[in-house]
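Q:
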Amino acid sequence: MHVALRPRSGCLVLCLGLSAFTLLLQSLWVPPEMTRHEQDGRSPEEQDKRGLGFRRLALRLEALSTQVQKLSRGSSDAHLTRDDLSLLIQRFRQNQQGLAHIVERELKRVSQRLEQLSRPRHHQSHTPAPPNDDIRIHTGPNEKCEVPKDPAYPVCAEKVEFLQAHWKSDSCYAFYGVDGTICSILTYLSQIEDFCPARPEGKHPVLPWQQNPHLNTDRAEIRTTLNPLYEAIYNSSGPAVNFIRSRVERMSDQWIQAGMRMMRSSNKTTLTQMRVLLYPGALAGSVGQPFEAMVKRGGPLGELVQWADLGACLTILGHNLTFSYSQHRLHSLIGAAPGRGSCPIQRPLTFDLIYTDYHGLAHLKRSMGLAFLHYQCRFRILDSFGTEPAFNLGSYARSHGYKTLWGSWDLQPLQYMTMFPHTPDNSFLGFVSEEAVRKEVREEELETDAYKKDRMAVVYGKQDYMWQGKSEYVGLISEQLETHATVYQAPGHASHLPSFIKNHGLLTQEHFLQLLHRAKVFVGLGFPYEGPAPIEAIALGCVFLQPRFNPPHSSDNNEFYKGKPTTRQISSQHPYAETFIGKPHVWTVDTTNKTDVREAIRAILHTEVKSFTPREFTCDGMLERVRSYITHQNFCSTSAPTWPPERVLRIHLGPLGQSCVDTCRRSSHVCEPALFHHLNNPSTFSRLGIGCSSIRQGVKHLFPSYIPWGRFCGLQQEPRLFSCAGSDPSHRRLCPCRAHLPGQVALCLNCV
Numbered sequence: 013m014h015v016a017l018r019p020r021s022g023c024l025v026l027c028l029g030l031s032a033f034t035l036l037l038q039s040l041w042v043p044p045e046m047t048r049h050e051q052d053g054r055s056p057e058e059q060d061k062r063g064l065g066f067r068r069l070a071l072r073l074e075a076l077s078t079q080v081q082k083l084s085r086g087s088s089d090a091h092l093t094r095d096d097l098s099l100l101i102q103r104f105r106q107n108q109q110g111l112a113h114i115v116e117r118e119l120k121r122v123s124q125r126l127e128q129l130s131r132p133r134h135h136q137s138h139t140p141a142p143p144n145d146d147i148r149i150h151t152g153p154n155e156k157c158e159v160p161k162d163p164a165y166p167v168c169a170e171k172v173e174f175l176q177a178h179w180k181s182d183s184c185y186a187f188y189g190v191d192g193t194i195c196s197i198l199t200y201l202s203q204i205e206d207f208c209p210a211r212p213e214g215k216h217p218v219l220p221w222q223q224n225p226h227l228n229t230d231r232a233e234i235r236t237t238l239n240p241l242y243e244a245i246y247n248s249s250g251p252a253v254n255f256i257r258s259r260v261e262r263m264s265d266q267w268i269q270a271g272m273r274m275m276r277s278s279n280k281t282t283l284t285q286m287r288v289l290l291y292p293g294a295l296a297g298s299v300g301q302p303f304e305a306m307v308k309r310g311g312p313l314g315e316l317v318q319w320a321d322l323g324a325c326l327t328i329l330g331h332n333l334t335f336s337y338s339q340h341r342l343h344s345l346i347g348a349a350p351g352r353g354s355c356p357i358q359r360p361l362t363f364d365l366i367y368t369d370y371h372g373l374a375h376l377k378r379s380m381g382l383a384f385l386h387y388q389c390r391f392r393i394l395d396s397f398g399t400e401p402a403f404n405l406g407s408y409a410r411s412h413g414y415k416t417l418w419g420s421w422d423l424q425p426l427q428y429m430t431m432f433p434h435t436p437d438n439s440f441l442g443f444v445s446e447e448a449v450r451k452e453v454r455e456e457e458l459e460t461d462a463y464k465k466d467r468m469a470v471v472y473g474k475q476d477y478m479w480q481g482k483s484e485y486v487g488l489i490s491e492q493l494e495t496h497a498t499v500y501q502a503p504g505h506a507s508h509l510p511s512f513i514k515n516h517g518l519l520t521q522e523h524f525l526q527l528l529h530r531a532k533v534f535v536g537l538g539f540p541y542e543g544p545a546p547i548e549a550i551a552l553g554c555v556f557l558q559p560r561f562n563p564p565h566s567s568d569n570n571e572f573y574k575g576k577p578t579t580r581q582i583s584s585q586h587p588y589a590e591t592f593i594g595k596p597h598v599w600t601v602d603t604t605n606k607t608d609v610r611e612a613i614r615a616i617l618h619t620e621v622k623s624f625t626p627r628e629f630t631c632d633g634m635l636e637r638v639r640s641y642i643t644h645q646n647f648c649s650t651s652a653p654t655w656p657p658e659r660v661l662r663i664h665l666g667p668l669g670q671s672c673v674d675t676c677r678r679s680s681h682v683c684e685p686a687l688f689h690h691l692n693n694p695s696t697f698s699r700l701g702i703g704c705s706s707i708r709q710g711v712k713h714l715f716p717s718y719i720p721w722g723r724f725c726g727l728q729q730e731p732r733l734f735s736c737a738g739s740d741p742s743h744r745r746l747c748p749c750r751a752h753l754p755g756q757v758a759l760c761l762n763c764v
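Structure follows, in C-alpha cells:
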C-alpha cells in the first residue's frame with residue numbers, strides 16, 4: 013500500500029533515519045584509549061586515523077539531522093518546508109557518492125574487526141591489518157594534498173593556514189566536510205568559498221550559493237485584497253506586530269481603493285512577481301525586547317508605520333511576501349549553515365528582494381558568510397535619517413573621518429530607503445498619512461465636553477523628558493488655546509506636566525486621530541525629530557507649530573545626531589514640513605521669543621486651513637513610487653544606471669561651499685545621484701565654459717567639482733561616492749538636477 017507523506021512528515025522520517033544511522037556509527041566507534049587491550053599492535057596514531065572516518069561521518073550526519081529537525085520544527089508553511097526539504101535532499105545527493113564510499117569502507121573494517129574478535133585469541137595477532145587509509149570527505153584514500161600556487165587565487169595559502177588554525181571555531185566548517193586536513197580544507201575553499209583552484213579530479217564547480225534558483229515566472233498582478241499580508245504576519249505577535257497589523261487593518265480600504273485606481277490607470281505592462289522578505293531587525297533578538305517594551309510606553313512608532321505601509325504597498329502591487337523578525341527563522345529562510353555564520357549559505361538565495369534595517373543587515377552578515385557580498389545588491393535598508401555616500405564606503409569613511417557606528421556597508425547609496433526625501437543620495441520610501449478614522453468612538457472615552465475645536469492645541473510629545481524646559485513655550489500657547497497632551501503616565505508615578513495641561517495618557521491610534529481631528533494646532537516641542545505625526549496632523553486639518561533651531565542641529569552639536577551617518581543641518585524639528593509644505597500649514601518659530609510665538613498663534617487662529625496631504629504621502633503616491641523602484645532600480649547590474657533617463661538631466665554648477673542638494677533646490681529641482689555618470693567627464697566642463705588647467709580622476713565625495721584656485725577640475729573615480737550632499741568652501745560642485753512630479757519628488761516628469 014502506498015502512503016503519501018506530507019512535507020512535514022517527510023522531514024520527520026528523514027530526520028529519524030539520519031539520527032538512527034548516526035547513533036549506529038557512534039556505537040560502532042569506540043575510542044582507542046578505552047580498548048587498549050584490543051589494539052592488535054597498532055599505534056595510537058593508527059587507531060586515531062581508523063576512528064576518524066567514523067567521527068567525521070557521524071558529525072556530518074548529525075549536522076544534516078539537526079538541519080532537518082530545524083526544518084520540521086521551524087516552519088508551518090508547507091510550501092517553504094517543501095522547498096527547503098527539496099534543497100536539503102539535493103545537497104545530500106550531491107555528496108552521496110562520498111558518503112557511500114565512507115560507509116562501505118567503514119562497514120568493511122567493522123566486518124573484518126568482528127571476524128578477528130570471533131577467532132581464538134592466539135590467532136588474532138596473525139591476522140593482517142587492513143590498509144591504513146586516511147579517509148577524508150570528498151577525497152580519495154592516501155591522497156596527498158599540497159597548497160597550489162595559482163596567481164588567479166592569491167589568498168589561497170593564507171586561507172588554508174587560517175582554517176588549519178581555526179576550523180574548530182565554527183561548526184559550519186565541519187558541516188561542509190572540513191576536518192583540519194589540508195585536503196578537506198582545499199576542497200572546502202574550492203567548492204564552497206572559491207578562494208582556491210579546483211581540485212585535480214574535476215572542473216571548478218558552481219558554488220552552492222551561486223547557483224541559479226528556480227526562476228519565478230508568475231506575474232505581479234495588482235491585488236484588491238490584503239489577505240496575503242495578513243497571512244504573512246499571522247504567526248507573529250507582540251506589541252510591535254500588533255501595531256503593524258492594526259494599522260494595516262485600519263487603512264485597508266484606502267489601500268484597496270488606491271490599488272483599483274492604479275489598475276484602471278496603469279498601462280498593460282505586467283511585472284514579474286518578486287519574492288520579498290520583510291525582516292525588521294530592530295524587533296529581533298536582544299535589540300527587539302527593549303523596542304517592544306517602548307511601544308507600550310509611547311516609544312517611537314515611525315519605523316513601525318513604515319513597515320506596515322511597505323507591507324501593504326508590496327501586497328497591493330502583487331508581490332509574494334514573507335515576514336519575520338526571528339533570527340532563527342531568518343537562518344532557515346536564507347539557508348544558513350549550522351554554526352555561527354562563518355560559512356556561506358547552503359543554497360541560492362530564494363528572495364529577489366530583502367527589506368531590512370541596520371540591525372537586520374548585521375544579522376544577515378553574521379549568518380551568510382561570504383555569500384553576503386554576493387547578494388548584498390538585493391538588500392533594501394529602511395533608514396529613517398539617511399546614510400550619505402561619504403559614510404557608506406568603509407575605506408573612505410575610515411581614512412577621511414566619516415567613520416561612525418552606522419554606515420561603512422559599501423552598498424549603493426540608493427539602497428538606503430528614508431522616511432522623508434531629505435537625502436536624495438538615498439531612495440525616498442516614505443509612508444502614508446493616515447486620514448481621520450470614520451469609526452465612531454464613544455464620547456465618554458474622549459471627554460468631548462471639554463473640547464473646543466477652533467481653540468484647541470495638542471502637544472506632540474508622548475514622554476515626560478520631551479517636555480523639559482518647554483513649560484514657558486507651552487504656557488504661551490495655552491493663553492489662547494486649550495492645550496492637551498497624550499503623555500504616557502507610569503502607574504503610581506506623579507505627573508510632571510504643567511497644571512494647565514489636560515493629559516489623556518497614551519491613546520490608541522484611533523483615539524489619537526480623533527483628538528487631532530478636533531484640534532486647531534499641533535504643537536512641536538523640538539523632539540522627536542522628523543516623525544510621521546506632523547504629516548498626519550496636517551492631513552487632518554491641523555496647523556503644525558514647531559521650533560526653529562539656531563544654530564541648526566547636526567552631528568557636531570547634538571547628541572541625537574552624533575554618530576548618525578549624515579552631515580545634514582537640521583533647521584527645525586521637521587525640515588520636510590518646513591521646506592516642502594510651509595505656511596499656512598506649517599509655522600516655524602523661535603520658541604524663546606515670546607512675541608514671535610504669540611503672533612504666530614494669533615495668525616493661525618485667524619487663518620482658515622484645510623487638510624492637506626502631499627501626493628507622496630498618499631496610498632496612490634507610495635504605490636507609484638515603490639512600483640517605479642522595483643521596475644527600474646537594479647543594483648546587481650555592473651552597468652551604469654539607465655533610470656531616470658538622460659533626457660531629464662539639467663546640469664548646474666553650484667557656488668562655492670554649496671551642496672548639490674541646495675544648488676538644485678534653488679531652481680526648484682532635486683539632485684538626482686543616478687544621473688551623475690552622465691556629467692562625470694571632461695566635456696561637461698567645456699560645455700559650461702570652464703577652462704581647466706588640469707583634470708584628474710580621484711576618490712573624493714566632492715567630485716565632480718571645480719576648484720577656482722588653480723582652475724583644477726576633479727572627476728569621480730568611485731561611483732559609490734557620487735554625492736548630492738557633499739560640500740566644501742573651496743569646491744564648486746557639478747550637479748545633476750531634474751524636475752519632479754508635483755508632490756512626488758522621487759519621480760521625474762515623463763519617466764514613470
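For the sequence shown, this note's numbering assigns the number 13 to the initial residue and increments by one for each residue that follows. By construction, the Cβ of each residue, glycine as well, lies at the ideal position given by its N, Cα and C atoms. Just so we're clear, the structure is a prediction, and the values are computed from it rather than from any experiment.
1) Just list the alpha helix (DSSP H) runs in the stretch 333 to 374, keeping only unbroken ones of 4 residues or longer that don't cross its boundaries, in chain order.
2) So does the stretch 269 to 284 actually touch the stretch 526 to 536, counting three or more Cβ pairs closer than 8 angstroms?
3) In three-state terms, what does DSSP make of Ala244?
4) Could you tell me the distance, in whole angstroms, from the CA atom of Ala324 to the CA atom of Gly726?
5) Helix, strand or coil for Phe715? Go by DSSP, reduced to three states.
6) Just verifying my parser: in three-state terms, what is the DSSP assignment at Gly481?
7) Look at the Cβ atom of Phe776, then the Cβ atom of Ile582, and state whether they are nearer than 8 angstroms.
8) In the stretch 156 to 227, which residue ranges form an unbroken beta strand (DSSP E) of at least 3 residues, counting only runs that do not cross its ends?
9) On the three-state DSSP scale, how would you describe Thr630?
10) Quick one: using the 10 Å Cβ neighbour count with 16 as the cut-off for buried, is Pro587 buried or exposed?
11) With burial defined as no fewer than 16 other Cβ atoms inside 10 Å of the residue's Cβ, what is the status of Thr520: buried or exposed?
12) Is Gly406 helix, strand or coil by DSSP?
13) With H, G and I counted as helix, E and B as strand and the rest as coil, what does DSSP make of His664?
14) Could you pull the start and end residues of the alpha helix (DSSP H) that His689 belongs to?
15) Can you find the residues in the same chain that come closer than 8 angstroms, C-beta to C-beta, to Glu304, ignoring five residues on each side of it along the sequence?
16) My output table needs one value for Glu494: the three-state DSSP class, helix, strand or coil.
17) Would you decide whether Asn404 is buried or exposed? Buried here means 16 or more other CB atoms lie within 10 Å of its CB.
18) Check whether the Cβ atoms of Pro436 and Pro685 sit closer than 8 angstroms, and answer yes or no.
19) Can you tell me where the alpha helix (DSSP H) with Tyr387 in it begins and where it stops?
20) Note down the Cα distance separating Gly538 from Ala589, rounded to an integer number of angstroms.
21) Note down the Cα distance separating Val172 from Asn332, rounded to an integer number of angstroms.
22) Excluding the 5 residues flanking Ser322 on each side, which residues of the same chain have their C-beta closer than 6 angstroms to its C-beta?
23) Here's the rule I'm using: 16 or more other beta-carbon atoms within 10 Å means buried, otherwise exposed. How should Pro716 be labelled?
24) Does the Cβ of Ala615 have 16 or more other Cβ atoms within 10 Å, making it buried, or fewer, making it exposed?
25) Measure the C-alpha to C-alpha separation of Ser649 and Gln203 and round it to an integer number of angstroms.
26) For the alpha helix (DSSP H) containing Val260, name the first residue and the last one.
27) Assign Phe534 to one of three DSSP states: helix, strand, or coil.
28) Could you tell me the alpha carbon to alpha carbon distance between Ser651 and Glu170, rounded to whole angstroms?
29) Give the secondary structure of Phe303 by DSSP, where H, G and I count as helix, E and B as strand, and everything else as coil.
30) Would you tell me roughly how many angstroms separate the C-alpha atoms of Cys195 and Leu201, rounded to the nearest one?
31) Give me the residue from Phe697, Leu552, Val260 with the minimum Cα distance to Lys622.
32) Distance check for Pro544 and Ile234, CA to CA, integer angstroms please.
33) In whole angstroms, what is the alpha-carbon distance linking Lys415 and Ala409?
34) Ends of the beta strand (DSSP E) at Gly314?
35) Determine whether the beta carbon atoms of Ala374 and Pro356 lie at a separation below 8 angstroms.
36) Give me the residue from Asn515, Leu361, Met431 with the minimum Cα distance to Met286.
A: So, from the data block:
1) List check, alpha helix (DSSP H) in window: 339 to 346.
2) Because the criterion of three Cβ pairs below 8 angstroms is not met, the stretch 269 to 284 and the stretch 526 to 536 do not touch.
3) By 1-based counting over the sequence shown, the position of residue 244 is 232. Three-state DSSP puts Ala244 in a helix.
4) Counting from one through the sequence shown, the residue named residue 324 turns up at place 312. Counting from one through the sequence shown, the residue named residue 726 turns up at place 714. The straight-line gap from Cα to Cα measures roughly 44 angstroms.
5) Indexing the sequence shown from 1 puts residue 715 at position 703. Assignment of Phe715 by DSSP, reduced to helix, strand and coil, places it in the coil class.
6) On the sequence shown, residue 481 is found 469 positions in, with the first residue counted as 1. DSSP places Gly481 in coil when its eight states are reduced to three.
7) In the structure as shown, the chain begins at 13 and stops at 764. Residue 776 is therefore absent and cannot be evaluated.
8) Within the stretch 156 to 227, no complete beta strand (DSSP E) run reaches 3 residues.
9) Stepping through the sequence shown from its first residue, residue 630 is reached at position 618. Reduced to three states, the DSSP call for Thr630 is coil.
10) The sequence position of residue 587 within the sequence shown is 575, counting from 1. By the C-beta density criterion, Pro587 is buried, having at least 16 other C-beta atoms within 10 angstroms.
11) Translated into positions along the sequence shown, residue 520 becomes position 508. Classified as exposed, Thr520 has fewer than 16 neighbouring CB atoms from the shown chains inside 10 Å of its CB.
12) Start at 1 with the first residue of the sequence shown, and residue 406 comes out as number 394. In the structure shown, the three-state DSSP call for Gly406 is helix.
13) For the purposes of this step, residue 664 is taken as residue 652 along the sequence shown, with counting starting at 1. His664: strand per DSSP, three-state reduction.
14) Looking up residue 689 in the sequence shown gives position 677. In this chain, the alpha helix (DSSP H) harbouring His689 covers 688 to 691.
15) The residue given as residue 304 occupies position 292 in the sequence shown. Gly250, Pro251, Ala252, Leu295, listed in sequence order.
16) Residue 494 sits at position 482 when you count from the first residue of the sequence shown. DSSP, read as helix, strand or coil, puts Glu494 in strand.
17) Within the sequence shown, residue 404 is the residue found at index 392, counting from 1. Around the beta carbon of Asn404, 16 or more other beta carbons lie within 10 angstroms, which makes this residue buried.
18) Mapped onto the sequence shown, residue 436 falls at position 424. Mapped onto the sequence shown, residue 685 falls at position 673. Between Pro436 and Pro685, the gap from beta carbon to beta carbon is short of 8 angstroms.
19) Position 375 of the sequence shown holds residue 387. It spans 383 to 387 - the alpha helix (DSSP H) in which Tyr387 sits, taken as one unbroken run.
20) Translated into positions along the sequence shown, residue 538 becomes position 526. Translated into positions along the sequence shown, residue 589 becomes position 577. Going from the Cα of Gly538 to the Cα of Ala589 covers about 13 angstroms.
21) Taking the first residue of the sequence shown as 1, we reach residue 172 at position 160. Taking the first residue of the sequence shown as 1, we reach residue 332 at position 320. Those two C-alpha atoms are separated by around 41 angstroms.
22) Counting from 1 along the sequence shown, the entry for residue 322 is found at position 310. Checking the displayed sequence, the identity of residue 322 turns out to be Leu instead of Ser. Taken in chain order, the list of residues that qualify is empty.
23) Within the sequence shown, the letter at position 704 stands for residue 716. Counting Cβ neighbours within 10 Å, Pro716 comes out buried, since at least 16 surround it.
24) Position 603 of the sequence shown, counted from the start, is the residue given in the question as residue 615. Ala615 should be labelled exposed.
25) Position 637 of the sequence shown, counted from the start, is the residue given in the question as residue 649. Position 191 of the sequence shown, counted from the start, is the residue given in the question as residue 203. About 25 angstroms.
26) Along the sequence shown, one-based indexing puts residue 260 at 248. Its alpha helix (DSSP H) spans residues 251 to 262.
27) Along the sequence shown, read from residue 1 onward, the residue named residue 534 stands at position 522. Looking at Phe534 - three-state DSSP - the assignment turns out to be strand.
28) Residue numbering aside, residue 651 sits at position 639 when the sequence shown is read from its first letter. Residue numbering aside, residue 170 sits at position 158 when the sequence shown is read from its first letter. Spanning the alpha carbons of Ser651 and Glu170 requires a straight line of approximately 32 angstroms.
29) The sequence position of residue 303 within the sequence shown is 291, counting from 1. When secondary structure is reduced to three states using DSSP, Phe303 falls in the helix class.
30) Position 183 of the sequence shown, counted from the start, is the residue given in the question as residue 195. Position 189 of the sequence shown, counted from the start, is the residue given in the question as residue 201. Cα-Cα distance, rounded: 10 angstroms.
31) Counting from one through the sequence shown, the residue named residue 622 turns up at place 610. Considering only alpha carbons, the answer is Leu552.
32) As a first step, residue 234 is located in the sequence shown; it is residue number 222 there, counting from the start. As a first step, residue 544 is located in the sequence shown; it is residue number 532 there, counting from the start. One C-alpha to the other measures close to 27 angstroms.
33) Residue numbering aside, residue 415 sits at position 403 when the sequence shown is read from its first letter. Residue numbering aside, residue 409 sits at position 397 when the sequence shown is read from its first letter. So the alpha carbons of these two residues sit roughly 5 angstroms apart.
34) Here the question's residue 314 lines up with position 302 in the sequence shown. Premise fails: Gly314 lies in the alpha helix (DSSP H), 314 to 328, not in any beta strand (DSSP E).
35) Along the sequence shown, one-based indexing puts residue 374 at 362. Along the sequence shown, one-based indexing puts residue 356 at 344. Their beta carbons are not under 8 angstroms apart, which means Ala374 does not touch Pro356 by this criterion.
36) Along the sequence shown, one-based indexing puts residue 286 at 274. Distance from the Cα of Met286 is smallest, within the candidate group Asn515, Leu361, Met431, for Leu361.
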